[in-house]
Amino acid sequence: MNIHFPQEHPEYCARDLVIAFPAAIDRVRVQCAITAEALEDHFGAASLREDDLLAAFDTHRYAIEQAARRLLDEVGARPVMLHSGYFRFCD
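What follows is the structure, given as structure tokens:
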């Protein structure tokens with residue numbers, strides 16, 4: 000399985016309080032997301048404000064994408080959501 004993360008701007012989803020970003024698995028686009036709670040707890044987001052969440056994502060993008068890669072390896076070409084609890088057990 001070939002997993003690639005296009006260098007597109009992440010998207011803030013206010014309704015769900017997540018930052019969404021794409022992955023491509025064998026050229027199939029898959030939606031990934033990380034919760035605001037995970038960004039605060041593990042990546043230093045100062046608040047739930049869009050600017051703070053995006054800044055934390057941008058600063059730690061590589062680590063977040065690597066976590067998404069591990070989860071995608073487990074579930075295949077299906078959307079994934081990275082919650083704070085995932086980082087407590089995968090670190």
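Everything in the sequence shown is counted per numbering that gives the first Met the number 0, starting at 0 for the first residue and increasing by one.
The beta carbon of each residue, even a glycine, is placed where N, CA and C say it ideally should be.
Going by DSSP, A37 is part of the alpha helix (DSSP H) stretching over A35 to F42.
For the set Y11, M0 and N1, the Cα lying nearest the Cα of D57 is the one of Y11.
DSSP, read as helix, strand or coil, puts E10 in strand.
If you look at A66, you'll find it in the alpha helix (DSSP H) that goes R60 to V74. Excluding residues up to 5 positions away in sequence, A44, L52 and A55 lie with their Cβ nearer than 6 Å to the Cβ of L38 in the same chain.
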